[in-house]
Each structure stands twice: as structure tokens, then as C-alpha cells.
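A short worksheet on the structure shown next.
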Amino acid sequence: MPESVYKIIELVGTSTESWEKAAAAAVAKAAESLRDLRVAEISTLDMNLNKEGKVESYRAKVKVSFKYNG
Numbered sequence: 001m002p003e004s005v006y007k008i009i010e011l012v013g014t015s016t017e018s019w020e021k022a023a024a025a026a027v028a029k030a031a032e033s034l035r036d037l038r039v040a041e042i043s044t045l046d047m048n049l050n051k052e053g054k055v056e057s058y059r060a061k062v063k064v065s066f067k068y069n070g
């Protein structure tokens, strides 16, 4: 296998429905402009709450790696 180099970026996806959809939104957005996506790792999950303490949105911080071509 030839040597390869990968770059990692961190994104935050949001969803009003779930953490899974928040993470998927981040990866989908990355796929629009990056090629050779390899791995997505969720590093943090959190929620935005309203004044009544109810969930307004879910957030997923995602590290995405892709092949670096220089």
C-alpha cells in the first residue's frame, strides 16, 4: 500500500431532531467540497435548550478525515 497523508477537520452539525441527524448533516456538508472522505469521529454531543429547559436542537462535533493531496 502506498504511503498516504490525511487531513482532519472539525465541524459542528445541528439538527432539531437528533444527534444522528446532526452528525450526518456535518458529514454531508463536508462531502460537498471535500474529496476522499475517509473517517468521521464524533467527539462531542450536546444540546441547545430554551428558557423552559426543553431541547431546541442537537449538536454533534465531528472530526472528518480526508486524503490530503497537497
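The numbers in my numbering rise by one with no breaks, and the one at position 2 of the sequence shown is 2. All C-beta atoms, glycine included, are put in the ideal place defined by N, C-alpha and C. Quick caveat: nothing in here was measured; it's all calculated off a predicted structure.
Nearest residue (CA-CA) to residue i, options the options
| i | options | result |
| --- | --- | --- |
| Tyr-76 | Glu-52, Ser-65, Lys-51 and Ala-25 | With the chain covering only 1 through 70, there is no way to say anything about residue 76. |
| Val-64 | Glu-20, Thr-14 and Ala-30 | Ala-30 |
Opposing strand residues paired with residue i [DSSP bridges]
| i | result |
| --- | --- |
| Lys-29 | Answer by DSSP bridge pairing: none, since Lys-29 is not bridged. |
| Leu-37 | Phe-66 |
| Ser-15 | Tyr-58 |
Contact belief for residue i with residue j at Cβ below 8 Å, rounded distance in angstroms
| i | j | result |
| --- | --- | --- |
| Gly-5 | Val-27 | Here residue 5 is Val; the residue named in the question, Gly, does not match the sequence. Contact flag wrong, Cβ pair sits at about 21 Å. |
| Ser-15 | Ala-22 | 4 Å |
Query raised in the report: Using 8 Å as the threshold, is the region 47-58 in touch with the region 29-38, meaning 3 or more CB pairs across them?
Result: Contact fails: fewer than three Cβ-Cβ distances are below 8 Å.
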